[in-house]
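Just so we're aligned, residue 37 is where the sequence shown starts under this note's numbering, counting upward by one. Report on one structure; see the data block that follows.
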Amino acid sequence: MPNLAILPGSFDPITMGHLDIAERALKVFDKVIIAVGINPYKKTLFTVEERIDMIENAFKDHNKRVKVDSFEGLLVDYAEKIKANVLIRGLRAVSDFEWELQLALLNRKLNRNIETFFLMTGYRYLYISSNIIKASAQAGGSVEDLVTDYVAQKLREKFPEAYKKSKR
Ligand code: PNS
Numbered sequence: 037m038p039n040l041a042i043l044p045g046s047f048d049p050i051t052m053g054h055l056d057i058a059e060r061a062l063k064v065f066d067k068v069i070i071a072v073g074i075n076p077y078k079k080t081l082f083t084v085e086e087r088i089d090m091i092e093n094a095f096k097d098h099n100k101r102v103k104v105d106s107f108e109g110l111l112v113d114y115a116e117k118i119k120a121n122v123l124i125r126g127l128r129a130v131s132d133f134e135w136e137l138q139l140a141l142l143n144r145k146l147n148r149n150i151e152t153f154f155l156m157t158g159y160r161y162l163y164i165s166s167n168i169i170k171a172s173a174q175a176g177g178s179v180e181d182l183v184t185d186y187v188a189q190k191l192r193e194k195f196p197e198a199y200k201k202s203k204r
């Protein structure tokens with residue numbers, strides 16, 4: 037039975053949806069590596085260090101079962117390097133499926149020893165994504181219950197003007 041799985045992603049920033057998927061993965065795998073993909077061509081709101089810090093804060097009570105890491109280059113190469121043969125991806129709606137299928141099949145073509153496991157997110161988080169949360173925060177909208185208090189504070193620090201104007 038596999039006991040080590042990777043939950044890869046951009047995590048810009050980590051959301052309650054990601055946390056939900058990680059919690060579900062921990063019911064099946066002994067250890068989950070939350071791996072932040074570094075893509076120099078993708079513009080992100082938070083630096084890799086900030087993203088790692090927010091993930092570590094979210095999992096501070098999980099002790100040794102969760103490890104936070106980052107990787108550059110191919111995900112399957114990273115998986116091979118750390119001797120993990122399972123990738124976890126969360127699915128929200130049917131709209132996620134097409135891209136996730138492409139990603140999983142490409143990763144399988146790149147390395148046939150690595151399998152992708154899909155986990156369904158909790159219904160409370162079906163509509164949330166890092167992008168929609170950033171868009172709301174940027175306009176001064178509340179992100180309560182969608183991210184941890186720590187991430188909400190980091191978002192306020194990124195968009196101080198929006199929060200000054202908003203009463204939320
Ligand atoms: O949270 P995201 O943005 O959906 O995560 C995407 C991620 C980081 C998992 C994906 O872009 C990735 O695996 N990047 C590493 C580069 C790679 O392996 N590319 C081949 C598959 S597209």
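C-beta atoms are modelled at their ideal positions from N, C-alpha and C, and glycine is treated no differently. Keep in mind it's a predicted model, so treat the numbers as computed, not measured.
- Message: Residues in the same chain with beta-carbon distance under 7 Å from residue 55, minus the five sequence neighbours each way, listed in chain order, please.
- Response: Closer than 7 Å at the Cβ level, and outside the excluded window around residue 55, lie 94.
- Query: Which partner residues does residue 108 have in the DSSP bridge list?
  - Reply: Residue pairing for residue 108: DSSP places it in a beta bridge opposite 74.
- Task: Out of 156, 177 and 194, state which residue places its alpha-carbon closest to the alpha-carbon of residue 128.
- Result: When each option's Cα is compared against that of residue 128, the closest is 156.
- For residue 163 and residue 172, the rounded distance between their alpha carbons: So the two alpha carbons sit approximately 13 Å from each other.
- Task: Compute the beta-carbon to beta-carbon distance between residue 102 and residue 143, rounded to the nearest angstrom, for a pair I have assumed lies under 8 Å.
- Result: That belief does not hold up - the Cβ atoms of residue 102 and residue 143 are roughly 22 Å apart, past 8 Å.
- Message: At the 9 Å Cβ level, is residue 64 part of the contact set with chain B, yes or no?
- Response: Included in the structure is just one protein chain, with no chain B present.
- Message: Is the separation between the beta-carbon of residue 110 and that of residue 152 shorter than 9 Å?
- Response: Contact flag unset, no.
- 8 Å contact criterion, which residue 71 and residue 44 should meet: CB distance rounded: With a beta-carbon spacing of about 5 Å, residue 71 and residue 44 fall inside the 8 Å limit used to define contacts.
- Item | Anticipated Cβ contact below 8 Å, residue 42 with residue 140, distance rounded | Not confirmed; about 13 Å, so no contact.
- Nearest-angstrom Cα separation, counted from residue 57 out to residue 190: Cα to Cα, the separation comes out at about 22 Å.
- Check whether the Cβ of residue 121 sits closer than 8 Å to any heavy atom of the ligand PNS, and report yes or no. Here the distance from the Cβ of residue 121 to the nearest heavy atom of the ligand PNS is not below 8 Å.
- Could you pull the start and end residues of the beta strand (DSSP E) that residue 123 belongs to? Segment 122-127, the beta strand (DSSP E) holding residue 123.
- Item | Proximity below 9 Å, CB of residue 52 to CB of residue 186 | In this structure, residue 186 does not lie closer than 9 Å to residue 52 by Cβ.
- Message: Short of 6 Å in beta carbon distance, which residues of its chain neighbour residue 188, apart from the five on each side in sequence? Order them along the chain.
- Response: These residues qualify, in order along the chain: 179.
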